[in-house]
Amino acid sequence: MKMASPRTLFAKIWQAHRIRALDETRDLIFVDRHILQETTSAAAFEGLAAAGRNVRHPELTVATQDHIVSTRPGRDEGTNPGGAELMRLMRINATTNRIAHFGVEDPRQGIVHVIGPELGLVLPGTVVACGDSHTSTAGGLGALGIGVGTSEVEHVLATQTLALPRPKTLRMTFEGKPGTGVTAKDLVLHALGRFGIAVGAGHAIEYAGPAIRALPVEARLTVCNMSIEFGGRLGLIAPDDKAFAYVAGRAFAPKGTEWDAALAIWRTLYSDDGAVFDRELSVDAASAPPQVTWGTTQEDVVGIDECVPDPLGIADPDRRRRVEDALAYMAIEPGRPIEGLPIDVAFIGSCTNGRLSDLEAAAAVVRGRRVAQHVRALVVPGSTSVKREAEAKGLDRIFSEAGFEWRSAGCSMCVSINEDIVPPGARSIATSNRNFENRQGARARTHLASPAMAAAAAVAGAITDVRRMG
């Protein structure tokens with residue numbers, strides 16, 4: 017009897033969803049769950065209507081409003097006039113097509129990548145599609161989260177399938193135990209600084225090793241959220257008892273005998289001993305201090321106890337020119353310490369770090385302290401549920417008493433397509449995932465960091481080392 021070859025976790029899930037090979041490089045894949053957001057769904061529904069097609073599986077599709085919603089307390093669908101039309105279209109399209117719709121008035125509303133795991137829409141071993149690149153977040157529960165464009169959103173609506181190139185596989189193993197004050201966000205930023213933003217191009221990235229297995233589920237979601245920043249197609253972590261306990265009892269999770277059957281399958285979801293990856297990388301988690309980006313890509317990052325680069329010390333002319341450009345955009349003196357750089361704005365939220373555990377970490381830093389007078393500081397829960405839970409724990413009072421704005425759920429300052437924008441030339445420390453030029457607003461200067469580091473900077477009025485704040 018021939019023994020089956022060892023398989024990677026990615027291969028197990030991919031092969032279970034492959035309907036057929038389309039050609040030498042592409043497969044047709046079944047999509048278990050499709051989650052819509054307002055900025056990429058309107059055109060998809062328009063294309064569907066023009067072609068005279070219907071939504072194939074409305075029961076497998078949900079819609080939420082997140083990107084352009086106002087986060088102003090007491091908001092409604094018309095509060096942000098610039099986004100009201102897209103929000104209205106989403107509500108109408110969802111209702112017309114019998115799709116569950118979580119608008120700003122719905123207690124299930126929130127950022128698509130936060131409510132997916134939170135509601136049990138994301139389950140281990142499933143394929144989840146959404147018109148947003150950070151759908152990779154789903155990998156924190158051992159799912160294949162695939163971000164797609166508008167035309168593919170239309171394709172999923174019509175067929176519940178995707179035609180996809182088969183990714184290569186990359187395993188990134190985090191060895192060792194992280195030090196005090198070092199979070200999941202720091203680990204992934206540290207890896208970006210070491211390997212760069214293109215190391216995962218075209219790959220499915222599996223995160224492994226003792227430092228990953230020790231992370232709670234919400235931290236694993238943060239790691240997989242930033243898989244796209246490596247250029248990866250998706251990221252995933254083998255589900256374990258922590259993941260199963262997280263999923264149990266969620267609104268859309270299986271119940272009773274269906275749960276038992278699902279759990280039996282989920283316990284087979286890991287990379288077999290001897291499984292071969294196209295590429296292997298290793299990270300020493302114990303060597304990473306808290307991280308802060310200094311430039312305009314996520315690989316432009318240093319430890320809080322380090323200095324930003326000096327172009328004069330860089331031999332490669334292309335790299336030297338890029339560092340010069342980034343420092344000029346960020347208005348930072350070459351070679352200076354990253355610590356002590358004054359900030360104007362602190363933003364805690366987004367699909368990367370807008371979960372309850374993120375807010376708890378930030379609140380632990382600001383409790384009994386005050387935001388610096390010159391800093392505008394915002395806390396934006398990733399979902400309405402996170403907001404409710406945080407308020408039940410009194411976190412809203414801690415933030416408000418410290419001088420933070422306590423907002424309603426949405427993408428907010430992560431992406432400048434709503435009313436939360438960093439002013440031109442202002443310097444922001446943000447818990448989101450991107451620091452590109454103009455990402456938080458025209459000429460905004462963005463530094464990425466963990467929630468605890470952002471909270472510490474808000475209090476100090478400058479980028480600082482949270483480890484010294486006790």
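When you line the sequence shown up against our numbering, it's residues 17 to 486, in that order. Each residue gets a CB set at the ideal place from its N, CA and C atoms; glycine is no exception. This structure is a prediction, so every number in the text was calculated from the model and none was measured.
- Message: Does the structure place the stretch 102-109 close enough to the stretch 141-152 that three or more beta carbon pairs sit under 8 angstroms?
- Response: These segments do not touch.
- Message: For F415, count the other beta carbons within 10 Å of its own beta carbon; 16 or more makes it buried, fewer makes it exposed. Which is it?
- Response: Counted from its first residue, the sequence shown places residue 415 at position 399. Buried, because 16 or more other Cβ atoms sit within 10 Å of the Cβ of F415.
- Query: Are there 16 or more other CB atoms within 10 angstroms of the CB of M469, so buried, or fewer, so exposed?
  - Reply: Locating residue 469 in the sequence shown gives position 453, counting from the first residue. Buried is the call here.
- Query: For the beta strand (DSSP E) that contains D300, what are its first and last residues?
  - Reply: For the purposes of this step, residue 300 is taken as the residue at position 284 of the sequence shown. Per DSSP, D300 belongs to the beta strand (DSSP E) from R295 to D300.
- Task: Reducing DSSP to helix, strand and coil, say where F190 ends up.
- Result: Looking up residue 190 in the sequence shown gives position 174. Annotated three-state conformation of F190 is strand, per DSSP.
- Query: Do you know whose CA, among S448, R450, A425 and T462, lies nearest P439's CA?
  - Reply: Taking the sequence shown and counting its residues from 1, the one referred to as residue 439 is at position 423. Across the set S448, R450, A425 and T462, the C-alpha of T462 shows the shortest separation from the C-alpha of P439.
- Spatial neighbours of I364 within its chain, please: CB distance less than 6 angstroms, with the 5 preceding and 5 following residues excluded, ordered by chain position. Numbered from 1 along the sequence shown, position 348 holds the residue referred to as residue 364. Only A378, V395, T447, P467 and A470 meet the Cβ criterion.
- Message: Under DSSP, the alpha helix (DSSP H) around R229 begins and ends at which residues?
- Response: Here residue 229 refers to the residue found at position 213 when the sequence shown is read from its first residue. DSSP places R229 inside the alpha helix (DSSP H), whose first and last residues are P226 to R229.
- Query: Cα-Cα, which of K409, S444 and T400 is closest to S86?
  - Reply: One-based indexing of the sequence shown puts residue 86 at position 70. When each option's Cα is compared against that of S86, the closest is T400.
- Message: Please return the same chain residues whose Cβ sits closer than 6 angstroms to the Cβ of A474, not counting the five positions on each side in sequence.
- Response: Residue numbering aside, residue 474 sits at position 458 when the sequence shown is read from its first letter. So the qualifying residues of the chain are A362, V387, V391 and A393.
- Message: Quick check on K184: does DSSP put it in helix, strand or coil?
- Response: Locating residue 184 in the sequence shown gives position 168, counting from the first residue. In this structure, K184 counts as strand in the three-state DSSP scheme.
- Are the beta-carbon atoms belonging to G290 and G247 less than 8 angstroms from one another? Reading the sequence shown from its first residue, position 274 is the one you call residue 290. Reading the sequence shown from its first residue, position 231 is the one you call residue 247. Contact: no.
- Query: Relative to the C-alpha of D300, which residue among A207, T284 and L285 is closest?
  - Reply: The residue you call residue 300 lines up with position 284 of the sequence shown. It is A207 whose Cα lies nearest to the Cα of D300.
- Task: With V395 as the anchor, note down where its beta strand (DSSP E) starts and where it stops.
- Result: Locating residue 395 in the sequence shown gives position 379, where the first residue counts as 1. If you look at V395, you'll find it in the beta strand (DSSP E) that goes R392 to V395.
- Query: Does the Cβ-Cβ distance between V292 and G136 come in under 8 angstroms?
  - Reply: As a first step, residue 292 is located in the sequence shown; it is residue number 276 there, counting from the start. As a first step, residue 136 is located in the sequence shown; it is residue number 120 there, counting from the start. Against a cut-off of 8 angstroms, the Cβ pair of G136 and V292 comes out as no contact.
- Query: Taking all protein chains shown into account, do 16 or more other C-beta atoms lie within 10 angstroms of the C-beta of M242, making it buried, or fewer, making it exposed?
  - Reply: In the sequence shown, counting from the first residue as 1, residue 242 sits at position 226. Buried is the call here.
- Task: Over the uninterrupted alpha helix (DSSP H) stretch that includes R335, give me the two end residues.
- Result: To locate residue 335, count along the sequence shown from 1; it is residue 319. Taken as a continuous stretch (DSSP letters only), the alpha helix (DSSP H) holding R335 covers P333 to M346.
- Message: Runs of 4 residues minimum, wholly inside the stretch 59-94: which ones carry the alpha helix (DSSP H) assignment?
- Response: DSSP runs (the alpha helix (DSSP H)) wholly in the stretch 59-94: none.
- Query: The beta strand (DSSP E) with A468 in it runs from where to where?
  - Reply: Translated into positions along the sequence shown, residue 468 becomes position 452. Not the beta strand (DSSP E): A468 falls in the alpha helix (DSSP H), residues P467 to A476.
- Pairwise C-alpha distance: M346 and D43: By one-based count along the sequence shown, residue 43 stands at place 27. By one-based count along the sequence shown, residue 346 stands at place 330. Cα to Cα, D43 sits roughly 43 angstroms from M346.
- Task: Determine the direct distance from the alpha carbon of F452 to that of R335, and round the result to whole angstroms.
- Result: Counting from 1 along the sequence shown, the entry for residue 335 is found at position 319. Counting from 1 along the sequence shown, the entry for residue 452 is found at position 436. Whole-angstrom Cα-Cα distance: 17 angstroms.
- Query: Roughly how many angstroms separate the alpha carbons of A220 and R72, rounded to a whole number?
  - Reply: Indexing the sequence shown from 1 puts residue 220 at position 204. Indexing the sequence shown from 1 puts residue 72 at position 56. Answer to the nearest angstrom: the Cα atoms are 27 angstroms apart.
- Return yes when the Cβ of G457 is within less than 8 angstroms of the Cβ of D82, no when it is not. Counting from 1 along the sequence shown, the entry for residue 82 is found at position 66. Counting from 1 along the sequence shown, the entry for residue 457 is found at position 441. G457 is positioned such that its CB atom lies no closer than 8 angstroms to that of D82.
- Task: Establish whether the CB of G290 and some CB of chain D are separated by less than 8 angstroms.
- Result: Among the protein chains of the structure shown there is no chain D, as only one such chain exists.
- Item | Contacting residues, own chain, Cβ-Cβ under 7 angstroms from A179 (five flanking each side not counted) | What you label residue 179 is simply residue 163 of the sequence shown in a count that begins at 1. The residues L38, R42 and L44, in chain order, have a CB closer than 7 angstroms to that of A179 in the same chain once the five nearest residues on each side in sequence are set aside.
- Measuring CB to CB, does V239 end up less than 8 angstroms from L285? Looking up residue 239 in the sequence shown gives position 223. Looking up residue 285 in the sequence shown gives position 269. Going by C-beta atoms, V239 is not nearer than 8 angstroms to L285.
- Spell out the partners DSSP gives V361 in its beta bridges. Residue mapping note: residue 361 aligns to position 345 of the sequence shown, counting from 1. Under DSSP, V361 shares a beta bridge with R392 and S444.
- Message: My assumption, with CB atoms under 8 angstroms, is that A342 sits in contact with G311. Please give the rounded CB distance.
- Response: Within the sequence shown, numbered from 1, the residue matching residue 342 stands at position 326. Within the sequence shown, numbered from 1, the residue matching residue 311 stands at position 295. Rounded, the Cβ-Cβ distance is 3 angstroms, consistent with contact.
- Message: Given a cut-off of 8 angstroms on the beta-carbon distance, is the pair Y223 and I244 in contact?
- Response: Position 207 of the sequence shown, counted from the first residue, corresponds to residue 223. Position 228 of the sequence shown, counted from the first residue, corresponds to residue 244. No, they are not a contact pair.
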